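Take a look at the structure set out below.
Residue numbers (the numbering used here): -8 to 233.
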């Protein structure tokens, strides 16, 4: 109830910067839908600070909380922090044998995770070339040990680091529409669990195909063993109303 009233207040404010996100994934089949609203609380010629709230739903869990975003030099560097909770239907490790088969649908129970995330994004962007770098540090706390069937790992207190590098080339610029082609390498590792993802990918980004909409088709091949390994595709849609 409180979260619903908060979102009504946020969306009703004409000063809010709104973002709607939708993601579809082929492997494992599923997706995410998310909403965020941020307010400018401090601005100079080369710096902008926004604070707000966010919520999302993916697979078997939701996430909601507060966010703080800083933009430097018109978006050359963007840093964002999130602090929230993730209620959902999760798999407790105590319900899964030691040599678990990740393809089996193990029983899920209602549970709650706490999450904190910090991200830095570097955008060296010109008329034809764009170099994108991302570094994300993410932590979760649990009062139980969880089994993650997608990555085939057992987690209690969790700390992961992810980095991604993507050189891009502008293939088309017409009216307000821009089409970028890119190649990307993403790596993620966790304390105590080691490598969680190593994923070369490629795709295209279409900006302003419709007013406020950006589309990203990403085709990848995960080099990690387990359920998430192998080829797959992701489709991202971002919409900034107004």
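Quick reminder that beta carbons are idealized off the backbone N, C-alpha and C, glycines included.
Owing to the predicted nature of the structure, the values given are computational and were not obtained by experimental measurement.
Touching by the beta-carbon criterion (3+ pairs, under 8 Å), the stretch 177 to 185 and the stretch 158 to 169: Contact between the stretch 177 to 185 and the stretch 158 to 169 is absent, because fewer than three Cβ pairs lie under 8 Å.
Beta-carbon spacing of residue 145, residue 153 below 9 Å: Counted from its first residue, the chain shown places residue 145 at position 154. Counted from its first residue, the chain shown places residue 153 at position 162. It is not a contact, given that the beta carbons lie outside the stated cut-off.
Proximity to residue 96 [Cα-Cα], best of 108, 106, 80 and 107: Translated into positions along the chain shown, residue 96 becomes position 105. In this structure, 80 is the residue among 108, 106, 80 and 107 with its C-alpha nearest to the C-alpha of residue 96.
Inter-stretch contact (C-beta, 8 Å, three-pair minimum) for the stretch 207 to 221 and the stretch 11 to 19: Judged by Cβ distances under 8 Å, the stretch 207 to 221 makes contact with the stretch 11 to 19, as three or more pairs qualify.
Three-state secondary structure assigned by DSSP to residue 36: For the purposes of this step, residue 36 is taken as the residue at position 45 of the chain shown. Three-state DSSP puts residue 36 in coil, outside helix and strand.
C-beta atoms of residue 25 and residue 44 nearer than 9 Å: Counting from one through the chain shown, the residue named residue 25 turns up at place 34. Counting from one through the chain shown, the residue named residue 44 turns up at place 53. The answer is no: Cβ separation not under 9 Å.
Under the three-state DSSP convention, the category residue 203 falls into: To locate residue 203, count along the chain shown from 1; it is residue 212. In the structure shown, residue 203 adopts coil according to DSSP, grouped into three states.
DSSP bridge partner residues for residue 129 (one or two, in chain order): Position 138 of the chain shown, counted from the first residue, corresponds to residue 129. Residue 129 has 108 and 151 as its beta-bridge partners, per DSSP.
Exposure of residue 209, with buried meaning 16 or more beta-carbon neighbours within 10 Å: Start at 1 with the first residue of the chain shown, and residue 209 comes out as number 218. So residue 209 ends up on the buried side.
Inter-residue spacing [alpha-carbon to alpha-carbon] between residue 29 and residue 187: Walking along the chain shown from the start, residue 29 turns up at place 38. Walking along the chain shown from the start, residue 187 turns up at place 196. Answer to the nearest angstrom: the Cα atoms are 31 Å apart.
N- and C-terminal bounds of the beta strand (DSSP E) containing residue 169: Counting from one through the chain shown, the residue named residue 169 turns up at place 178. Segment 168 to 181, the beta strand (DSSP E) holding residue 169.
Simplified DSSP assignment, three categories, for residue 75: Taking the chain shown and counting its residues from 1, one reaches residue 75 at position 84. Here DSSP, grouped into helix, strand and coil, assigns residue 75 to strand.
DSSP-derived helix/strand/coil call for residue 84: As a position in the chain shown, residue 84 is number 93, starting the count at 1. Under the three-state reduction of DSSP output, residue 84 falls in the helix class.
Reference residue 74; option with closest CA among 36, 220, 130 and 196: The residue given as residue 74 occupies position 83 in the chain shown. When only C-alpha atoms are compared, the closest one is 130.
Contact with chain B by residue 184, beta-carbon distance below 9 Å: Within the model displayed, chain B is absent; a lone protein chain is all it includes.
Status (buried if at least 16 other CB within 10 Å, exposed otherwise) for residue 34: Here residue 34 refers to the residue found at position 43 of the chain shown. Of the residues assessed, residue 34 falls on the exposed side of the cut-off, its CB having fewer than 16 other CB atoms within 10 angstroms.
Sub-9 Å separation of residue 123 and residue 156 beta-carbons: For this step, residue 123 is matched to residue 132 along the chain shown. For this step, residue 156 is matched to residue 165 along the chain shown. Cβ atoms of residue 123 and residue 156: closer than 9 Å.
Same chain only: Cβ atoms within 6 Å of residue 196, ignoring 5 sequence neighbours per side: Position 205 of the chain shown, counting from 1, holds the residue named residue 196. Only 171 and 207 meet the Cβ criterion.
Cutoff 7 Å; reference residue 84; Cβ partners in own chain excluding five residues on either side: Taking the chain shown and counting its residues from 1, one reaches residue 84 at position 93. The answer, listed in chain order, is 136, 137, 138 and 145.
Distance between residue 142 and residue 219 (C-alpha atoms, nearest Å): Along the chain shown, one-based indexing puts residue 219 at 228. Along the chain shown, one-based indexing puts residue 142 at 151. Their backbone Cα atoms lie some 7 Å apart in a straight line.
Buried versus exposed call for residue 71 [16 or more other C-beta atoms within 10 Å across all chains shown]: For the purposes of this step, residue 71 is taken as residue 80 along the chain shown, with counting starting at 1. Flag for residue 71 reads buried.
Exposed unless 16 or more other CB atoms sit within 10 angstroms - verdict on residue 221: Here the question's residue 221 lines up with position 230 in the chain shown. Flag for residue 221 reads exposed.
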